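Novice:
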Amino acid sequence: MNLINTLYETVLDLHTETTYRYREGRNTVPDRLNFDTQKLIDCGAIVICKGMNGDPESPDYKKHLDDGSTNLITLYNIKHAIKNNPDSWILEAIKHPITIAPIGWKDMSLETYDGKYNQILWSLKKLGIPYKEMLKHNSLYETVLDLHELRGGLYRELRKELPDVPEWVFNDLYYTTARFNPEMMNPTHPNYQYFQDLKKMKWKFFPNLHITMDKLDSESRHNIGPRIKGATLFDGDKERHEKQLELLKSGSKKPLIMAMNRSEKGKLEMWEGWHRLIQLFIMNPDGFDYPVYVGIR
Numbered sequence: 001m002n003l004i005n006t007l008y009e010t011v012l013d014l015h016t017e018t019t020y021r022y023r024e025g026r027n028t029v030p031d032r033l034n035f036d037t038q039k040l041i042d043c044g045a046i047v048i049c050k051g052m053n054g055d056p057e058s059p060d061y062k063k064h065l066d067d068g069s070t071n072l073i074t075l076y077n078i079k080h081a082i083k084n085n086p087d088s089w090i091l092e093a094i095k096h097p098i099t100i101a102p103i104g105w106k107d108m109s110l111e112t113y114d115g116k117y118n119q120i121l122w123s124l125k126k127l128g129i130p131y132k133e134m135l136k137h138n139s140l141y142e143t144v145l146d147l148h149e150l151r152g153g154l155y156r157e158l159r160k161e162l163p164d165v166p167e168w169v170f171n172d173l174y175y176t177t178a179r180f181n182p183e184m185m186n187p188t189h190p191n192y193q194y195f196q197d198l199k200k201m202k203w204k205f206f207p208n209l210h211i212t213m214d215k216l217d218s219e220s221r222h223n224i225g226p227r228i229k230g231a232t233l234f235d236g237d238k239e240r241h242e243k244q245l246e247l248l249k250s251g252s253k254k255p256l257i258m259a260m261n262r263s264e265k266g267k268l269e270m271w272e273g274w275h276r277l278i279q280l281f282i283m284n285p286d287g288f289d290y291p292v293y294v295g296i297r
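Here it is as structure tokens:
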């Protein structure tokens, strides 16, 4: 029996293999690490998405569930689906991710079954990310932020105001902007009107929009050009590019967020997903088909 204590990987089945599957009643991995679910999402080790029917025998196979459930899919799941079952529901589900960790998943690494926990360890190892970087940091500051979020209900209040905004756009653009730039919620602040105008936008999803450099507006092309050639803008920029490249190669298709440019007719402004877009152009300099949410003012 092979035990690798530093990785908390324990051989549990009869074939002396690390357990990556579910088996009822088998949750025996010792000394679980208390991972921060949001960090796992941000680094690409896991994807949380709206619940989907994963039973190939069901007539509703690959259809989204309307019961409020969610699926937790690991990089391990994605890579094995690509290799062994390209038609898997998993590869469809990850096209509809939830970017902000739901409250119910906050203690996921302590509560999930051992197979899923081992999948997370595998995924982090594959990405080259030390486990300690993914741990929760229970500082007073973060505790205060969590309490503020739970009591103030910023997410819930903003969602009530914007019920028709697609989930991906809401999480990645509206909620993130409001959470980290709370001054935009203040009517006396110079950027208040910008955020109000943002709320008026209409969004359309293009599952396979053909993107070429000449479809982007001049500012987006200007910003992308030097970075395609390797220029970095800030500490950690290079690492983010490497992570996005790894995710793209694994089959991940997190949508880009763009908007129609008001002054350059027919051109698209790049808003969210810069590292992903740059890697896509490096891989496909003549253009590519990719899921995009487009905002219309």
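With the first letter of the sequence shown counted as 1, position 152 gets the number 152 in our numbering; the numbers rise by one all the way through.
Backbone N, C-alpha and C fix where the C-beta goes; we use that ideal spot for every residue, glycine too.
Note that this is a predicted model, so its numbers are computed, not measured.
#1: Go ahead and pull the three-state DSSP assignment for PRO291.
#2: If you drop the 5 nearest sequence neighbours on each side, which residues of the same chain put their C-beta closer than 7 Å to that of VAL165?
#3: Apart from the five residues on each side of it in sequence, which residues of its chain come closer than 7 Å, Cβ to Cβ, to THR143?
#4: Nearest-angstrom Cα distance between TYR141 and GLY266?
#5: Between which two residues does the alpha helix (DSSP H) carrying HIS222 extend?
#6: Does the stretch 40 to 60 come within contact of the stretch 89 to 103, defined as at least 3 CB pairs closer than 8 Å?
#7: In whole angstroms, what separates the C-alpha of LYS215 from that of PHE170?
#8: Would you grab the beta carbon distance between LYS39 and LEU75 for me? Rounded to a whole angstrom, and I think it's under 8 Å.
#9: If you draw a straight line from the C-alpha of GLY115 to the C-alpha of ASN71, how long is it?
#10: Would GLU269 and ALA259 qualify as a contact pair, given that the criterion is a beta-carbon distance under 8 Å?
#11: Ignoring anything shorter than 4 residues or poking outside the stretch 51 to 108, list the alpha helix (DSSP H) runs there in chain order.
#12: Hey, quick one: how far does the alpha helix (DSSP H) through ALA45 stretch, first residue to last?
#13: In the DSSP assignment, the beta strand (DSSP E) including LEU209 goes from what residue to what residue?
#14: Which one of LYS229, SER218, THR177 and ARG221 has the shortest CA to CA distance from MET283?
#15: Spatial neighbours of LYS106 within its chain, please: C-beta separation below 8 Å, excluding the five flanking residues on both sides.
#16: Short of 8 Å in beta carbon distance, which residues of its chain neighbour ALA178, apart from the five on each side in sequence? Order them along the chain.
#17: Quick check on DSSP: helix, strand or coil for ILE129?
#18: Rounded to a whole number of angstroms, what is the C-alpha to C-alpha distance between ASN208 and VAL292?
#19: Assign GLU272 to one of three DSSP states: helix, strand, or coil.
#20: Alpha carbon to alpha carbon, what distance is there between ASP289 and LEU277?
#21: For ILE46, count the other beta carbons within 10 Å of its own beta carbon; 16 or more makes it buried, fewer makes it exposed. Which is it?
#22: Using the beta-carbon count (16 or more within 10 Å), is PHE35 buried or exposed?
#23: Helix, strand or coil: which one does DSSP assign to PHE180?
#24: Identify the residues that DSSP records as bridge partners of ILE257: which are they?
#25: Please report the distance separating the alpha-carbon of GLN68 from that of SER58.
#26: Just tell me which of PHE180, ASN85 and THR176 has its CA closest to the CA of ILE98.
#27: According to the Cβ coordinates, are LYS95 and LYS253 closer than 8 Å?
#28: Between the beta-carbon of GLN279 and the beta-carbon of HIS222, is there less than 8 Å?
#29: How about GLY273 and LEU256: are their beta carbons less than 8 Å apart?
#30: Determine the closest residue to ILE78 out of ASP237, SER123 and LYS243, with distance taken between C-alpha atoms.
#31: For LEU233, which of helix, strand or coil comes out of DSSP?
Specialist: In short:
#1: The residue given as residue 291 occupies position 291 in the sequence shown. In this structure, PRO291 counts as strand in the three-state DSSP scheme.
#2: As a working note, residue 165 is residue 165 in the sequence shown. Counting only Cβ-Cβ distances below 7 Å, and skipping sequence neighbours, we find TYR174 and TRP203.
#3: If you number the sequence shown from 1, residue 143 lands on position 143. Note that THR143 has pLDDT 47, beneath the 50 cutoff, so the model's placement of it is unreliable and the number below is only indicative. Same-chain partners within the cutoff: there are none.
#4: Taking the sequence shown and counting its residues from 1, the one referred to as residue 141 is at position 141. Taking the sequence shown and counting its residues from 1, the one referred to as residue 266 is at position 266. Caution is warranted here: a pLDDT of 44 is assigned to TYR141, below 50, making its placement in the model unreliable, and no coordinate value can be reported.
#5: Stepping through the sequence shown from its first residue, residue 222 is reached at position 222. Residues 218 to 228.
#6: Judged by Cβ distances under 8 Å, the stretch 40 to 60 makes contact with the stretch 89 to 103, as three or more pairs qualify.
#7: For the purposes of this step, residue 215 is identified with residue 215 of the sequence shown, where counting begins at 1. For the purposes of this step, residue 170 is identified with residue 170 of the sequence shown, where counting begins at 1. Linking LYS215 to PHE170 through their CA atoms gives a straight-line distance of about 24 Å.
#8: Position 39 of the sequence shown holds residue 39. Position 75 of the sequence shown holds residue 75. Under the criterion of beta carbons closer than 8 Å, LYS39 and LEU75 do not qualify as touching, at roughly 14 Å.
#9: Translated into positions along the sequence shown, residue 115 becomes position 115. Translated into positions along the sequence shown, residue 71 becomes position 71. Cα to Cα, GLY115 sits roughly 15 Å from ASN71.
#10: On the sequence shown, residue 269 is found 269 positions in, with the first residue counted as 1. On the sequence shown, residue 259 is found 259 positions in, with the first residue counted as 1. ALA259 is positioned such that its CB atom lies closer than 8 Å to that of GLU269.
#11: Runs found: 75 to 84 and 89 to 93.
#12: To locate residue 45, count along the sequence shown from 1; it is residue 45. In this chain, ALA45 is not harboured by any alpha helix (DSSP H), its DSSP state being neither H nor E.
#13: Residue mapping note: residue 209 aligns to position 209 of the sequence shown, counting from 1. Residues 202 to 211.
#14: If you number the sequence shown from 1, residue 283 lands on position 283. A check of alpha carbon separations from MET283 across LYS229, SER218, THR177 and ARG221 identifies LYS229 as the nearest.
#15: Along the sequence shown, read from residue 1 onward, the residue named residue 106 stands at position 106. Counting only Cβ-Cβ distances below 8 Å, and skipping sequence neighbours, we find THR37.
#16: Numbered from 1 along the sequence shown, position 178 holds the residue referred to as residue 178. Result list for ALA178: LEU154, LEU158, MET184, MET185 and PHE195, in chain order.
#17: As a first step, residue 129 is located in the sequence shown; it is residue number 129 there, counting from the start. Looking at ILE129 - three-state DSSP - the assignment turns out to be coil, as it is neither helix nor strand.
#18: In the sequence shown, residue 208 corresponds to position 208, counting from 1. In the sequence shown, residue 292 corresponds to position 292, counting from 1. Going by the C-alpha atoms only, they are around 7 Å apart.
#19: For the purposes of this step, residue 272 is taken as the residue at position 272 of the sequence shown. Note: GLU272 maps to strand in three-state DSSP.
#20: In the sequence shown, residue 277 corresponds to position 277, counting from 1. In the sequence shown, residue 289 corresponds to position 289, counting from 1. About 11 Å.
#21: To locate residue 46, count along the sequence shown from 1; it is residue 46. Buried: at least 16 other Cβ atoms inside 10 Å.
#22: For the purposes of this step, residue 35 is taken as residue 35 along the sequence shown, with counting starting at 1. Per the 10 Å Cβ criterion, buried.
#23: Translated into the one-based positions of the sequence shown, residue 180 becomes position 180. PHE180 falls in the helix class under three-state DSSP.
#24: Locating residue 257 in the sequence shown gives position 257, where the first residue counts as 1. DSSP, once it has assigned bridges, lists GLU272 and TYR293 as partnering ILE257.
#25: Locating residue 68 in the sequence shown gives position 68, counting from the first residue. Locating residue 58 in the sequence shown gives position 58, counting from the first residue. Checking the displayed sequence, the identity of residue 68 turns out to be Gly instead of Gln. About 19 Å.
#26: Within the sequence shown, the letter at position 98 stands for residue 98. Nearest option by C-alpha distance: THR176.
#27: Counted from its first residue, the sequence shown places residue 95 at position 95. Counted from its first residue, the sequence shown places residue 253 at position 253. Against a cut-off of 8 Å, the Cβ pair of LYS253 and LYS95 comes out as a contact.
#28: Along the sequence shown, one-based indexing puts residue 279 at 279. Along the sequence shown, one-based indexing puts residue 222 at 222. In this structure, GLN279 keeps its C-beta atom at 8 Å or more from the C-beta atom of HIS222.
#29: On the sequence shown, residue 273 is found 273 positions in, with the first residue counted as 1. On the sequence shown, residue 256 is found 256 positions in, with the first residue counted as 1. For GLY273 and LEU256, yes; Cβs fall inside 8 Å.
#30: In the sequence shown, the residue the question calls residue 78 occupies position 78. Of the listed residues, the one whose Cα sits closest to ILE78 is SER123.
#31: The sequence position of residue 233 within the sequence shown is 233, counting from 1. Judged by DSSP in its simplified three-state form, LEU233 adopts coil rather than helix or strand.
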